[in-house]
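Once you know that position 64 of the sequence shown is 228 in the numbering used here, the rest is easy, because the numbers rise by one and skip nothing.
First up is the structure itself, then whatever we jot down about it.
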Amino acid sequence: MSQTLDFLSSFKCRLHIADLLRDKSAVQSPSLEPKALAAYFAESLSMIDSPLDICLLWELPNHLSLDEMHIFNNVLSRYVKADTLAHGFCCFKLTRLEMRHWYGIIRMDEFVRREDFALEPAAHAHSQQQLVDAMSAFELERGALRSGGRVEVLLRTAGQDATQALSRQPASG
Numbered sequence: 165m166s167q168t169l170d171f172l173s174s175f176k177c178r179l180h181i182a183d184l185l186r187d188k189s190a191v192q193s194p195s196l197e198p199k200a201l202a203a204y205f206a207e208s209l210s211m212i213d214s215p216l217d218i219c220l221l222w223e224l225p226n227h228l229s230l231d232e233m234h235i236f237n238n239v240l241s242r243y244v245k246a247d248t249l250a251h252g253f254c255c256f257k258l259t260r261l262e263m264r265h266w267y268g269i270i271r272m273d274e275f276v277r278r279e280d281f282a283l284e285p286a287a288h289a290h291s292q293q294q295l296v297d298a299m300s301a302f303e304l305e306r307g308a309l310r311s312g313g314r315v316e317v318l319l320r321t322a323g324q325d326a327t328q329a330l331s332r333q334p335a336s337g
């Protein structure tokens with residue numbers, strides 16, 4: 165959302181925007197091989213040419229199965245450095261998966277969230293621990309329960325040894 169661009173414009177930074185769900189049928193096709201999904205994620209992130217400081221996941225975790233998140237994690241780990249942070253929202257109850265929002269950052273401690281009924285709702289509920297396990301390039305910094313059964317998570321790069329081991333793993337999942 166434009167609020168995020170306005171907020172980030174006050175920092176000296178490079179911004180990469182990747183719509184990983186632009187072709188949701190490709191991401192969630194049961195016949196898609198792990199290597200093909202990894203290639204899809206790699207192509208979606210191909211504009212990144214240096215390690216990331218922050219990765220805003222928004223609601224992505226609930227749009228991916230645990231297997232898909234593992235594959236995404238393997239691809240994303242190529243761009244993770246020792247102090248990379250990741251932020252996202254997840255829902256751990258199947259009955260609360262109406263997650264179809266756009267987010268914007270207004271200030272360091274304030275987000276705006278706008279529901280968009282044109283977006284497909286999330287399809288996968290994950291516990292906070294499942295999310296952390298699937299995104300093994302990171303470890304949980306903190307999590308907080310928000311309205312509507314959403315959990316807000318801040319992840320930080322996993323231990324240096326784990327990050328180095330991930331960078332040597334093939335991205336095929």
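Don't be surprised by glycine CBs; every beta carbon is placed ideally from N, CA and C.
- A contact is defined here as three or more CB-CB pairs under 8 Å, and the region 196-206 fails this definition with respect to the region 165-172.
- In the same chain as Phe275, and ignoring 5 residues on each side of it, the C-beta atoms closer than 8 Å to its own belong to Tyr267, Gly268, Ile269, in chain order.
- Going by beta carbons, Leu304 and Val296 fall inside the 8 Å limit.
- In this structure, the beta-carbon distance from Ala286 to Met263 falls below 8 Å.
- A distance below 6 Å between beta-carbons, with the five flanking residues on each side excluded, links Lys245 to the following residues of its chain, in chain order: Pro215.
- Taking a 10 Å sphere around the C-beta of Phe236, we find 16 or more other C-beta atoms and assign the residue as buried.
- Cβ contact annotation for His180 (same chain, cutoff 6 Å, sequence separation greater than five): Met211, Ile212, in chain order.
- Beyond the five residues adjoining it in sequence on each side, Asp280 comes within less than 8 Å, by CB distance, of Arg264, His265, Trp266 in the same chain, given in chain order.
- Arg186 carries a coil assignment under DSSP once its states are collapsed to helix, strand and coil.
- Taking C-beta atoms under 8 Å as the contact rule, Phe256 and Ser311 fail to qualify, at a distance of about 14 Å.
- Collapsing the DSSP output to three states places Arg242 in a helix.
- Annotated three-state conformation of Ala308 is strand, per DSSP.
- DSSP lists Phe302 as the beta-bridge partner residues of Thr321.
- Ranked by how close their Cα comes to the Cα of Ser208, the residues Leu228, Cys219, Arg186 have Arg186 in first place.
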